[in-house]
Structures are given as C-alpha cells and as structure tokens.
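Undergrad:
Residue numbers (our numbering): 200 to 327.
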C-alpha cells in the first residue's frame, strides 16, 4: 500500500520540479527582456535572444536536476536493498554501542589513578 501511493506522488513531484526548473529561467529572461525593451529602449530583437538564453539555461537546469534526482533515487534504492538484506538481529542500537565502548577498569575515562580529573578546562599543571 505504501509503495503504491508514494511512487505516483514521487513521480508527480519530480515532473513538477523538472518543469519548474525549465520554465523559471525562460520567464525570468522574458521579464528581463521586457524591462530592457520597455524602459531602456533596447531593440525588440532582444526578446528572441533572451528567450533563447532562457530556453538553453532552462534545459541545462532541468537536465542537471533530473540527473541529480536519479542519482539520489538510485542511492536510496541501494540503501533500501542493503538495509532489507540484513536481518534485525545484526542491527545495533546506539544504547548498545555506548555500553560496549565504556572501559571496564576506568582507563580512558579522563580521571587519573590518584582520583584527580586531568581533563578539566583551565588545569594547566603537569602531573608529577
């Protein structure tokens, strides 16, 4: 059920973002051309040049977005396959890791054998 719902929503999301990355540069360049022709009195052929620049930059943006999204999707699928291949017994919780990493005899805990804490900030004295 989850996969049947998420896959179409994911595809719609990717298509909408790809179209936006294609259309946004075209619209920005068209707006810039309008401003230049209207207020700076540039010739009207500027529309053609700026629209072409917008199309080219939009295509580049869309292709780079699609390639990046496909790489991310492949990485997620690979991570999902590797995660589902391992059994739950092999997974270790963060609580188990912290309990195993503590030294049993107090070594490495920051305290000296004489009971003084050598890791205090501002304690610049050297041990004898």
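For each residue, glycine too, the CB sits at the ideal point set by N, CA and C.
Measure the alpha-carbon distance for residue 249 versus residue 235 and round it to whole angstroms.
TA: Roughly 10 Å separates the two Cα atoms.
Undergrad: Can you grab the Cα-Cα spacing for the pair residue 233 / residue 211, in whole Å?
TA: Answer to the nearest angstrom: the Cα atoms are 32 Å apart.
Undergrad: Check whether the Cβ atoms of residue 246 and residue 229 sit closer than 9 Å, and answer yes or no.
TA: A contact, by the Cβ cut-off of 9 Å.
Undergrad: My understanding is that residue 268 touches residue 213, with C-beta atoms under 8 Å, so please give their C-beta distance in whole angstroms.
TA: 6 Å between Cβ atoms; contact.
Undergrad: Report the rounded CA-to-CA distance for residue 206 versus residue 256, giving the unit in angstroms.
TA: Their Cα atoms are separated by approximately 29 Å.
Undergrad: Check this for me: beta carbons of residue 260 and residue 221, under 9 Å apart or not?
TA: Result yes, Cβ atoms of residue 260 and residue 221 sit closer than 9 Å.
Undergrad: Can you tell me whether DSSP reads residue 240 as helix, strand or coil?
TA: Reduced to three states, the DSSP call for residue 240 is coil.
Undergrad: Under 8 Å Cβ to Cβ from residue 231, same chain only, skipping five residues before and after it: list those, please.
TA: Counting only Cβ-Cβ distances below 8 Å, and skipping sequence neighbours, we find 249.
Undergrad: Between residue 288 and the rest of its own chain, which residues show a CB-CB distance below 7 Å, the 5 nearest in sequence each way excluded?
TA: Because residue 288 sits at a pLDDT of 47, beneath the cut-off of 50, its placement in the model cannot be relied upon, and the following sentence gives the value as read from the coordinates. Contacts found: none.
Undergrad: So the candidates are 216, 241, 225, 279; which of them puts its Cα closest to the Cα of residue 253?
TA: Checking every option, the nearest Cα to that of residue 253 belongs to 225.
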